[in-house]
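Trainee:
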Ligand SMILES: NC(=O)c1ccc[n+]([C@@H]2O[C@H](COP(=O)([O-])OP(=O)(O)OC[C@H]3O[C@@H](n4cnc5c(N)ncnc54)[C@H](O)[C@@H]3O)[C@@H](O)[C@H]2O)c1
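Residue numbers (this note's numbering): 50 to 313.
1. For the 8 Å Cβ check, are there 3 or more pairs between the segment 204 to 221 and the segment 178 to 187?
2. Measuring alpha carbon to alpha carbon, tell me which residue in 126, 222 and 258 is nearest residue 233.
3. Starting from the Cα of residue 228, find the closest Cα among 128, 304 and 192 and give me that residue.
4. Where residue 268 and residue 226 are concerned, what is the direct C-alpha to C-alpha distance, given to the nearest angstrom?
5. May I ask which residues mark the beginning and end of the alpha helix (DSSP H) holding residue 189?
6. One question on the structure: do residue 197 and residue 139 come within less than 8 Å of each other, judged by their Cβ atoms?
7. Using 7 Å as the cut-off, classify the Cβ of residue 234 as near or not near the heavy atoms of ligand 1, replying yes or no.
8. Going along the chain, which unbroken runs of the beta strand (DSSP E) with 3 or more residues stay wholly within the segment 271 to 304?
9. Between the Cα of residue 250 and those of 83, 77 and 235, spot the shortest distance and give me the residue it belongs to.
10. Alpha carbon to alpha carbon, what distance is there between residue 116 and residue 290?
11. Verify whether the separation of the beta carbon atoms of residue 81 and residue 54 is less than 8 Å.
12. Indicate whether residue 29 and residue 78 have their beta-carbon atoms separated by less than 8 Å.
13. Within the same chain, show all residues whose beta-carbon is closer than 6 Å to that of residue 125, passing over the 5 residues directly before and after it, in chain order.
14. Below 7 Å, is the gap between the Cβ of residue 261 and the nearest heavy atom of ligand 1?
15. Is it the case that the CB of residue 198 approaches a heavy atom of ligand 1 more closely than 7 Å?
16. Just how far apart, CA to CA, sit residue 58 and residue 119?
17. Does the Cβ of residue 271 have 16 or more other Cβ atoms within 10 Å, making it buried, or fewer, making it exposed?
18. Output needed for residue 309: all residues of its chain with C-beta closer than 6 Å, excluding positions within five of it in sequence on either side, in chain order.
19. Could you give the DSSP three-state label for residue 76: helix, strand or coil?
20. Which runs of the alpha helix (DSSP H) at least 4 residues long sit entirely within the segment 131 to 161? Give them in chain order.
21. Buried or exposed: where does residue 217 fall if 16 or more other Cβ atoms within 10 Å of its Cβ makes it buried?
22. Excluding five sequence neighbours on each side, which residues of the same chain lie with their C-beta closer than 8 Å to the C-beta of residue 262?
23. In angstroms with no decimal places, state the Cα-to-Cα distance between residue 90 and residue 237.
24. If we call anything under 8 Å between Cβ atoms a contact, is residue 266 one with residue 162?
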């Protein structure tokens, strides 16, 4: 992969995985625009990376289009788009099914899915012409569910499907698409969830995710997982769905027992 002098937009770059990816790209000589709804955080990361940062809400399509024009003027045409900003909403018993309020479902849909759709709508064709790289940060939860957070699970599954659509539609045009599906990563997003089901598979550092992603750029691996068990669980789900659902129910019971029977 040729990095030197290329231009990247990284969303959700003020923190966690996005920040680590921004830093890893900058270390390779990429000019980075760090984007986050946390304007101060984005600016700090962007400037530390030798590029710039901006406070933008990725659910605002007009703000994003203005940003794309600004990035092209300041840094040049975009070669890497890392659509990484994401939210989860798990908050109470029943949120693993239908009890989360509509506003929480909508918020997850807007950030976890539509933000990638907007970026693809406005940038995918021109990026393809330059042999660009488009990354959708979904989650292992999009492949395997996240117990207790149905809006997160459903919208991350949609994010995986959207990344697939993008790869199928623009792969022949020259766009290199990756779907990043981490399991537990030590970031503010999962703070306080250590006792939950996802804690069982162990947490890695955000820098490890960035390293794994850049390795996947080299071998053009569409699905980028971070934990050994993720592809194994996906294979098992594919061959015996009932067994997989049964295993997830058992896991939910185990976590409830460990938390004094508190349902989630
Ligand atoms: N941490 C994990 O274990 C894990 C596992 C799988 C997938 N992910 C995914 O990785 C991505 C990054 O998460 P993280 O763990 O680094 O979390 P994080 O909370 O550290 O970072 C997410 C960033 O996204 C920003 N953001 C949220 N909504 C935004 C919006 N509307 N506009 C602009 N910025 C917004 C936040 O301000 C934050 O800086 C997310 O898509 C998340 O779903 C995380």
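The beta-carbon is built from N, C-alpha and C at its ideal position, and this holds for glycine as well.
Mentor: In short:
1. yes
2. 258
3. 192
4. 12 Å
5. 189 to 193
6. yes
7. yes
8. 272 to 274
9. 235
10. 43 Å
11. no
12. With the chain represented from 50 up to 313, any question about residue 29 goes unanswered, as that position is not in the structure.
13. 56
14. no
15. no
16. 11 Å
17. exposed
18. none
19. helix
20. 151 to 158
21. exposed
22. 70, 73, 184, 227, 229 and 273
23. 13 Å
24. no
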